[in-house]
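**Student:** Just so you know, we're using this note's numbering here: the sequence shown kicks off at 5 and counts up by one. Just so you know, even glycine gets a beta-carbon here, dropped at the ideal spot from N, CA and C. Pasting a structure below so you can have a look.
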Amino acid sequence: AQTPKGEFIPFYQAETEKPYADVLAELEIAISEHNFRITGHSRVGKVIRDRSTKDFPNYDTLQFCNLTHAKTLLLMSPHAVRHMPCNIVTYEYNGKTIVRTHLMPTDTNNSELNAFAEKMNVMLKDIVDFAVE
Numbered sequence: 005a006q007t008p009k010g011e012f013i014p015f016y017q018a019e020t021e022k023p024y025a026d027v028l029a030e031l032e033i034a035i036s037e038h039n040f041r042i043t044g045h046s047r048v049g050k051v052i053r054d055r056s057t058k059d060f061p062n063y064d065t066l067q068f069c070n071l072t073h074a075k076t077l078l079l080m081s082p083h084a085v086r087h088m089p090c091n092i093v094t095y096e097y098n099g100k101t102i103v104r105t106h107l108m109p110t111d112t113n114n115s116e117l118n119a120f121a122e123k124m125n126v127m128l129k130d131i132v133d134f135a136v137e
């Protein structure tokens, strides 16, 4: 089956050799500097280590939102709620810290939504890039 137009969710990823804790701290700064509020932080790796596997690597997810952007997005398309909240995953792999976020599709049948998505994608990429630099 083919993916319907506007349904393919692209990702943006960057990696660094910076310490994991520094990357998380930089993510929090970048998110707030772009006027988003962190709505959730899942420390998956830490919880697994705490429960049973002491050498389990770090895995974190950060969810964040800006209500002004959310309102704009939802007024354009109620179906766009599937893109909320913004989410960034961070994890360790082969000695590096990986930072990855899903981007909004820019190929829908709604040109206004596509333009909004392009602006949001720039912000999301900026947040990831700030954390890994």
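1. Tell me the start and end of each unbroken beta strand (DSSP E) in the segment 8-95 that is at least 3 residues and wholly inside, in chain order.
2. From residue 81 to residue 117, what does the alpha carbon distance come to, in whole angstroms?
3. Taking all protein chains shown into account, do 16 or more other C-beta atoms lie within 10 angstroms of the C-beta of residue 72, making it buried, or fewer, making it exposed?
4. Answer with buried or exposed for residue 14, where buried requires no fewer than 16 other C-beta atoms within 10 angstroms of its C-beta.
5. Which partner residues does residue 103 have in the DSSP bridge list?
6. Relative to the C-alpha of residue 103, which residue among 91, 112, 109 and 124 is closest?
7. Assuming the contact rule is C-beta atoms closer than 8 Å, residue 27 and residue 105 should be a hit. Round their C-beta distance to whole Å, please.
8. In chain order, what residues of the same chain have a beta carbon less than 8 Å from the beta carbon of residue 60, not counting five sequence neighbours either side?
9. Pick helix, strand or coil for residue 125, following the three-state DSSP scheme.
10. Using a 10 Å radius around the Cβ and a threshold of 16 neighbouring Cβ atoms, would you call residue 12 buried or exposed?
11. Excluding the 5 residues preceding and the 5 following residue 19 in the sequence, name in chain order all residues of the same chain whose CB lies nearer than 6 Å to its CB.
12. Taking the alpha-carbon of residue 124 as reference, which of 113, 134, 97 and 77 has the nearest alpha-carbon?
13. Going by C-alpha distance, which of 57, 55 and 89 is nearest residue 75?
**Tutor:** On the basis of the data shown:
1. 15-20, 41-46 and 63-69
2. 8 Å
3. exposed
4. exposed
5. 18 and 94
6. 91
7. Not confirmed; about 13 Å, so no contact.
8. 49, 52 and 53
9. helix
10. exposed
11. 100 and 102
12. 77
13. 89
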